[in-house]
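Chains as they are written, first to last, in the numbering used here: chain A, 1 to 490; chain B, 1001 to 1776.
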Amino acid sequence: MSSEGRSLNDPIRFALDGAMHEITGVAPTTTVLEYLRGELRRCGTKEGCAEGDCGACTVVLAEPAPDGGLTYRAVNSCIQFVPTLDGRALITVENLAAPDGTLHPVQQAMVDCHGSQCGFCTPGFVMSLFALWHADKHPSRNAVEEALAGNLCRCTGYRPILDAALAMGKGAAADRFDTDAATLRTLLGRLARDTGLSYAAGGTRFWSPHSKAELFTILAAHPDAAILAGGTDFGLWVTKQHRRFDKIVWLGRLAELQQVARDGDVLSIGGAASWTAALPHLAALHPDLDAYFKRFASVQIRNAGTVGGNVANASPIGDGPPVLLALGAAVVLEGAAGARTLDLADFFQAYRRTALRPGEIVAAIRVPPLPPGTRFAAYKLSKRFDQDISTLAAAFAVSIDDGRVAAAKLGFGGMAAIPQRAAAAEAALTGQPWSLATVQTAMAALDRDFRPLDDLRGSARYRMAAARNLLLRFWHESQGNVATRVTAHG
Amino acid sequence: MDDAPDLRAHPVRGAVGAAAAHDSAHKHVAGAAIYVDDIPEPPDLLHVWCVMSPHAHARIRSIDLADVRSAPGVIDAVSAADIPGKNDIGPMVAGEPILAEGIVEYVGQPVVAIAATSIKAARTAGALARVEYDVQPAVLTVDDALAQGLFVAPPVEFKRGDAAAALARAPNRLSGTFRIGGQDHFYLEGQVALAIPQEDGDLLIHSSTQHPSEVQKMVAKVLGLAANAVTVEVRRMGGGFGGKETQPAMFAAIAALLAQRTRRPVKLRLDRDDDMMITGKRHDFVVRWQAGFDGEGRITALDMDLAARAGHVADLSPAIVDRALFHADNCYYIPDVRLRGFACKTHTQSNTAFRGFGGPQGMIAIEEVVDAIARRLGRDPLAVRRVNFYGTTDRNVTPYHMVVEDNIVHGLVDELERWADYQERRRAIDAFNRTSPILKKGLALTPLKFGISFTATFYNQAGALLHVYTDGSVHLNHGGTEMGQGLFMKVAQIVAEELQIDVDRIKISATNTGKVPNTSATAASAGTDLNGAAAQIAARTIRGRLADFAAAHFAVPREAVRFRRNEVEAGANVVPFATLAALAYRARVQLSATGFYKTPKIHWDRDNARGRPFLYFAYGAAVAEVLVDTLTGEYKVTRADLLHDVGHSINPAIDRGQVEGGFIQGMGWLTTEELWFDAKGRLATHAPSTYKIPVASDLPRDFRVRLLEGARNAEDTVHRSKAVGEPPLMLANAVFFALKDAVAAAAGAAPSLAAPATPERVLLAIEDARGGAATP
Ligand SMILES: Cc1cc2nc3c(=O)[nH]c(=O)nc-3n(C[C@H](O)[C@H](O)[C@H](O)COP(=O)(O)OP(=O)(O)OC[C@H]3O[C@@H](n4cnc5c(N)ncnc54)[C@H](O)[C@@H]3O)c2cc1C
Ligand code: FES
Ligand code: FES
């Protein structure tokens, strides 16, 4: 049965407080936070920004894990729409303490370490730590800083919160979610659907297809439907720009699109795979990419946001494209009529305009391996190390053969209206000896490639100066004799 | 029972000095603490959204709300014309509207307020408001306002001696211009008010405010009511930092106006963007200075102008500029000095109180002077700081003619220098910088001295109300508000100590204008000094009555009555505190008392800029070390050592929290927090996606914090403690000057660096000081 043929109004069903919770009649662009605070008046979860940047709204979504347990993912409830809860378990700060009031180990650690002052950020920190605790009870300081990059606290200065995170493993080794995991898995099993969800309320239709066939049927009938993946860009169009959407197709339940796998030499990232899923695979390509993509937003955003969404969104300051350009990635665009593959450099056409045709999606991103003998680096510059949009992002892949540059791919973000390779600088390098003089020529050539953005994140003067200097840094690093980097977790 | 209990080893739970948890810690982590927006919503609640000015400066030609009023869900819409009382909430200077009247003076200024059944309905209807403007030229910066002589209050001047003459004869002279950025409060909980109509047209207002009495007064004024018709309550704020001192009055008054008109409860909660667009921030300053000094760097003369961007109205700006001047000496004696302060009028948000209240800007200005002198002389800045320190018996008079009586800066800095290994690290860093062409390190030690008391002397008063019930449980109320700083816990600890009962027997209650009236803002770091002292007085009153009663009841001398560990000892009789309370009640002893405290000794003659505005000073010092990438300007604070004087700490855990939190907040101000306005005066950084406060990984990996041991306030404050809310923010000056130190090491010349020192500013400062590209 096609999703077109079925009722328009499947209820949204998810697990809350250990029981099935159904939603009907709530507009699909209602955020989980609005639903919790507004409809349920369940006010432990806070709003600090409604744009995914402060973490006060952090909740945890639990799903069955392949190993038989559950996975716990922190997300920003302020930019997640309620239908995306379908089939999952929603855990909020109210759920953590035992019914007799005994605090969860992460909550107790926060109390013991004086981790709250005004307390407004605290529920969000507790939920981020709760998700971390389930993954790692004794995290390193780096792991804690990464896990908390998406949570702002204006009062404490973080020291006591970090202490709490480092001490939380001293408490009980299992919590009520561990004890009740089997029950919750059974409940989630009952919530699982084998075809897509089709839901409508408040004048907006929402589809969550389960297969490409379903997806393309819907898109063929509704080419005007907006495509939603992780919602970490899309959500803000609703919460910040207050835009209305009549039709939304969500890719979050399309198992085929979530895959991240090797196809021979090539890394194939499904069009709806999250950054969290893709990160270890990208990191395996080059160690820089681990640090680089850990500076992509926060755990909460990476848990929801997708590589495909980042590429399709075509922001000139997105962090995915500069790296993918330098790696020579291709995009697979697919619609009812079939799939076509495009070099990523040809995908970005003008400011926020891409080669996507109506009814098409980014089905996959294909990343070839770095050719042997290639020097690679990825750099992100922002005002603040963690959870900040790039002022400038750059990734360089330079193949050196016998002391000469055989090929150069220099991908930049923040330097033009689209993510772009630096053609003139690449030409200045190619065929030349790999020397400081060559690099200096390439640095100068950037003037011909770019007229950088000039805005609140950085002046054009800064962007150009820093872009040049990143090439110089790359040179120094190829020589390996001087220290060049200040890192986020220094 | 023990015959001879060791009182020190077994004090009551939560006595003075205990590192007790914040009173709401358990509720915070459980999501059970109730903030204004969490209060169960009354039926028929309306939500407000404000139509804001799109222009920095324009005349309002007309306002037509007909379409707004007929939009779905809209119940009422108002503009200035609909205000029954006075459209004025100016705390110091009259004429500060809640809704623009005839003229708009910044982008974001509320013009129309719409009450609807949902916030979405109100916002959607906002697009239908027809407001016509005649756009006027706007003045956006301090420089422009200075050039045009536009001020929100007359300039002020502090002087001693003859700065001009002393400059003329000084062996060395140096001058400079220093730009200091503003800072958004970024309290995690935005501005919010809930107004609920009561009988007789009265109003109950739940407001997230540091100053309930001000909200009460302003709401009454705007609505044309008597103050006794308005009750304001606040249990807790999700952060304040000064941003909720005067500003909540605007939002409470708008909600109250709509509640009065519709006879329905009304909530106004700003989302983050609207909050940042509408509300004022820390003042940005431009400082111009000229200093004379000897060969050792000892300042002989200083002439300094401090100009603040006040915004469109005065708000607290005159007092903030005063406080900048009060701190433009920091720890340094300046023989001949003239300081001038300007509160510049601009067409931007009305800047307001923010932790330190102008003090940080004044203080960093003189630190910039000292740093510049040191670099000119090629001396280590710490040595130059030292030669300028106030003396203890001479060289101890401030530019406002107050004698510094409690100076401990010498010993404190000596101790920090040793503890933080300053000299050894200085050498190591210099060596590192000689061999590292791209990465450079920087190091700085900065001291602070911060004056405690409201400089408007009359604010230095506080009241408390204490009830003991017949089961021995206690209800505590006072005029201070809880914004996360732990005030409620500290005051409860003071009461627990007086009554010798466990602190959990004391119910901490919401601040309410009906319980303790005419309160001062919880501000100026004075919350505990004032409210703690008032509560102590109330507790002593009750303890005195109970002691009198116990002496009579058990027929023992008054001196034989002792309160200890939840019990009262009367000679050989020992009864639980609760039993004594019940007995006293039956004997008709009053078990309720008020306490009232006013700060002694202080006086301030603003016209002549003379007096003793402060009861005492709080001191501290910090060392910061940074690592800078000279190719990109990226940097990291790798280590910080903080030594801070809180006197005798009432709660060392809470005090440490203030020291650490203040330092990191100050670091944010001086590093990544950049307010960026476009050419039309629109603030482009109005949410956390664009305005970057520190995150967890910005905390220095090596972070060492100590409260000065064995410290006692030289003045007779409550338990000889010292105020701790604001001063530690200024410990972060060390971070700024460490960055400057690294920039100087990279450039090989004295750099010019403005605050905040973003990576961009750092890189460009290096380029500029090198006179070209930053390429080494
Ligand atoms: C707090 C915060 C921090 C952020 N930090 C960063 C950062 O550091 N670096 C960075 O680059 N970005 C950042 N972002 C932006 C965002 O997270 C990324 O761009 C993310 O990858 C978007 O993916 P998504 O799945 O959430 O996309 P969505 O929001 O779901 O969609 C974005 C756009 O892409 C389209 N789309 C999505 N998937 C497809 C598809 N498969 N085919 C066709 N069209 C599609 C949608 O229709 C929409 O137009 C941040 C966002 C937030 C809220
Ligand atoms: S409310 Fe700030 S991240 Fe959601
Ligand atoms: S405790 Fe106030 S914001 Fe974290």
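We put the CB at the ideal spot given by N, CA and C, even for glycine.
These numbers come from a predicted model, not from an experiment.
Query, Result
"If you measure from the beta carbon of residue 11 of chain A to each beta carbon in chain B, is any gap under 7 Å?", "no"
"Under the criterion of a Cβ to heavy atom distance below 6 Å, does residue 52 of chain A qualify as lining ligand 2?", "yes"
"Return the residues of the stretch 120–134 of chain A that lie within a Cβ-Cβ distance of less than 8 Å from chain B, sorted by chain order.", "120, 121, 122, 123, 126"
"Suppose you measure from the CA of residue 1669 of chain B to the CA of residue 1179 of chain B; what does that come to, to the nearest Å?", "13 Å"
"Considering only their Cβ atoms, is the gap separating residue 1631 of chain B from residue 1372 of chain B smaller than 7 Å?", "no"
"What are the start and end residues of the beta strand (DSSP E) that includes residue 1732 of chain B?", "Per DSSP, residue 1732 of chain B belongs to no beta strand (DSSP E) and is neither H nor E."
"Of all Cβ atoms in chain B, is any one closer than 7 Å to the Cβ of residue 39 of chain A?", "no"
"Give the DSSP-derived three-state secondary structure of residue 1588 of chain B in the structure shown.", "coil"
"Ordered along the chain, which non-local residues of its own chain (more than five positions away) have a Cβ less than 8 Å from that of residue 1601 of chain B?", "1612, 1615, 1715"
"With a threshold of 16 other CB atoms inside 10 Å of the CB of residue 1218 of chain B, please say whether the residue is buried or exposed.", "buried"
"Would you say residue 1478 of chain B and residue 1467 of chain B are within 7 Å of each other, going by their C-beta atoms?", "no"
"With three or more C-beta pairs closer than 8 Å as the rule, is the stretch 296–311 of chain A touching the stretch 258–271 of chain A?", "yes"
"For residue 1445 of chain B, does the three-state DSSP call read helix, strand or coil?", "strand"
"For chain A, check one thing: does any of its Cβ atoms lie closer than 7 Å to the Cβ of residue 1014 of chain B?", "no"
"Below 6 Å, is the gap between the Cβ of residue 120 of chain A and the nearest heavy atom of ligand 3?", "yes"
"Quick one: does residue 113 of chain A have its CB under 7 Å from some CB of chain B?", "no"
"Taking only the alpha-carbon atoms, compute the straight-line gap between residue 1071 of chain B and residue 1512 of chain B and give it to the nearest angstrom.", "37 Å"
"Which one of A:444, A:403, A:422 has the shortest CA to CA distance from residue 479 of chain A?", "A:403"
"Indicate whether the contact test is met: 3 or more Cβ pairs, each with one atom in the stretch 1451–1463 of chain B and one in the stretch 1587–1600 of chain B, closer than 8 Å.", "yes"
"Tell me, to the nearest whole angstrom, how far the beta carbon of residue 1060 of chain B is from that of residue 1131 of chain B; I am working on the premise that it is less than 8 Å.", "6 Å"
"Regarding residue 129 of chain A and ligand 3, is the C-beta to nearest heavy atom distance less than 6 Å?", "no"
"Heavy atom of ligand 1 less than 6 Å from the Cβ of residue 362 of chain A, yes or no?", "yes"
"Just to make sure I have the definition right: I need the residues of chain B whose C-beta is within less than 7 Å of the C-beta of residue 388 of chain A. Which are they?", "1692"
"Pick helix, strand or coil for residue 384 of chain A, following the three-state DSSP scheme.", "coil"
"Is residue 1096 of chain B close to ligand 2? I mean its beta-carbon at under 6 Å from any heavy atom of the ligand.", "no"
"Do residue 1209 of chain B and residue 1248 of chain B have their C-beta atoms closer together than 7 Å?", "yes"
"Quick check: is any heavy atom of ligand 3 less than 6 Å from the C-beta of residue 203 of chain A?", "no"
"Is the distance from the Cβ of residue 1646 of chain B to the Cβ of residue 1707 of chain B below 7 Å?", "yes"
"Tell me, please, whether the stretch 1137–1148 of chain B touches the stretch 1304–1320 of chain B by the rule of three or more beta-carbon pairs shorter than 8 Å.", "yes"
"So residue 111 of chain A and residue 1025 of chain B are supposed to be a Cβ contact under 8 Å. How far apart are they, rounded?", "5 Å"
"With distances taken from CA atoms, which of B:1043, B:1056, B:1760 is nearest residue 1679 of chain B?", "B:1056"
"In angstroms, rounded to a whole number, what distance separates the CA positions of residue 364 of chain A and residue 379 of chain A?", "24 Å"
"Can you say whether residue 170 of chain A is buried or exposed, counting buried as having 16 or more other CB atoms within 10 angstroms of its CB?", "exposed"
"Pick from A:193, A:438, A:397, A:122: whose alpha carbon is nearest that of residue 371 of chain A?", "A:397"
"Could you check whether the Cβ of residue 486 of chain A sits closer than 7 Å to any Cβ belonging to chain B?", "yes"
"Using 10 angstroms around the beta-carbon of residue 1359 of chain B, count the other beta-carbons present and answer buried if the total reaches 16, otherwise exposed.", "buried"
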